[in-house]
Amino acid sequence: MSRFEVQYFALLREQAGRSVETIESTARTARELYADLARQHGFSLGAERLKVAVNDEFASWEQVLAEGDRIVFIPPVAGG
Amino acid sequence: MRFAISPHPIDTANLREDLDDTRAGGVVCFEGCVRDFNDGRSVQRLEYEAFAPLAEKEGMRILGEAMERFGVLEIVCVHRVGILELGEVAVWVGVASRHRGAAFDACRYVIDEVKARVPIWKKEHYTEGDSGWINCHQESPPVR
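Quick mapping for you: the protein sequence lines, in order, are chains A and B.
What the first sequence shows, in this note's numbering, is residues 1 to 80, in sequence order.
What the second sequence shows, in this note's numbering, is residues 81 to 224, in sequence order.
Structure below.
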């Protein structure tokens, strides 16, 4: 079990009903963590449409997470 | 070189002064504004949200790429967040260059890459009262 801080933006924030949460999880990678959270919060976006950031930098979905990591799942962007 | 996310209205005149340079023969500025329609729908206002720490890093990477690729003298880009009314400036890009060609090219590169890469999201609020995050709708469209 590790503890992660997950921050949500845009559609994911609305679907999760919160901007941030601290969770205890057995997920090893960002991909596994998203699968768990998508089930829990009913996210409509599949991982294939998202990017992921760990500790404020883009990361691979397969990156092994460490205790205390800050994770952000990034929905399709639309600046400008 | 400066990329910033701003919760306050963008002061374009002030930003333009950051590009003053007697070596610059060309200055190109782009303003992206809130438009009253999109995709056949009437838009009332926009809401922008950013993951600021990463948006600023990725924004600076884009400016660095443009400086190197086009050999320009200075680039400034500011993106607004929060609720924006029609006509407000959502994003501003300014480039100073020795010659105009590189200034136009770098400006175009920056705005295109910012739209594609920087973690900023846009929600459209429609005249009919509903709203939606752009590029994120996967659920069925609202019943009208």
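All residues carry an ideal CB built from backbone N, CA and C; glycine is no exception.
At the 9 Å Cβ level, is Arg-197/B part of the contact set with chain A, yes or no?
yes
Report, in whole angstroms, the separation of the C-beta atoms of Trp-201/B and Ala-78/A, which I expect to be a contact under 8 Å.
6 Å
Tell me the rounded alpha-carbon separation between Gly-151/B and Ser-177/B.
8 Å
Assigned exposure category for His-88/B - 16 Cβ within 10 Å defines buried
exposed
Are the stretch 113-123 of chain B and the stretch 34-41 of chain A touching, with three or more C-beta to C-beta distances below 8 Å?
no
Start-to-end residues for the beta strand (DSSP E) that takes in His-159/B
154-160
Return the chain-ordered list of same chain residues with a C-beta closer than 6 Å to the C-beta of Arg-70/A, the five sequence neighbours on each side being excluded.
Glu-5, Asn-55
Determine the contact status of His-159/B and Ala-170/B, defining contact as a CB-CB distance below 9 Å.
yes
Can you tell me where the alpha helix (DSSP H) holding Val-72/A begins and where it ends?
Premise fails: Val-72/A lies in the beta strand (DSSP E), 70-74, not in any alpha helix (DSSP H).
Which of the residues in the stretch 48-74 of chain A, read from start to end, lie with their CB under 9 Å from any CB of chain B?
Arg-49, Lys-51, Ala-53, Asp-56, Glu-57, Phe-58, Val-72, Ile-74
Coarse secondary structure for Cys-113/B, derived from DSSP in three states:
strand
Against chain A, does Ile-163/B count as a neighbour if the rule is that its beta carbon must be under 9 Å from one of theirs?
no
Interface residues of chain A facing Ala-170/B [CB-CB closer than 9 Å]:
Gly-79, Gly-80
Which residue or residues does DSSP assign as beta-bridge partners of His-201/B?
Sequence inspection shows Trp at residue 201/B; the His mentioned does not correspond to that position. Note: Trp-201/B sits in a beta bridge opposite Glu-129/B.
Rounded to whole angstroms, what's the CA-CA distance from Met-140/B to Met-81/B? Just pull it up for me.
8 Å
Partners in chain A for Glu-129/B, counting only beta-carbon separations shorter than 7 Å
Phe-9, Ala-10
If you count every other CB in all the chains shown that lies within 10 Å of the CB of Leu-164/B, and 16 or more means buried, which is it?
buried
Under 9 Å, do Val-125/B and His-205/B count as touching if we go by C-beta distance?
For clarity, residue 125/B is Arg in the given sequence; the question names Val instead. Contact flag set, yes.
I need the boundaries of the alpha helix (DSSP H) containing Ala-35/A, first residue and last residue.
30-41
Specify, as a first and last residue, the run of the alpha helix (DSSP H) that Arg-96/B falls within.
92-97
For Arg-82/B, report the span of its beta strand (DSSP E) as first-last.
82-86
With a threshold of 9 Å between beta carbons, is Pro-89/B in contact with chain A?
no
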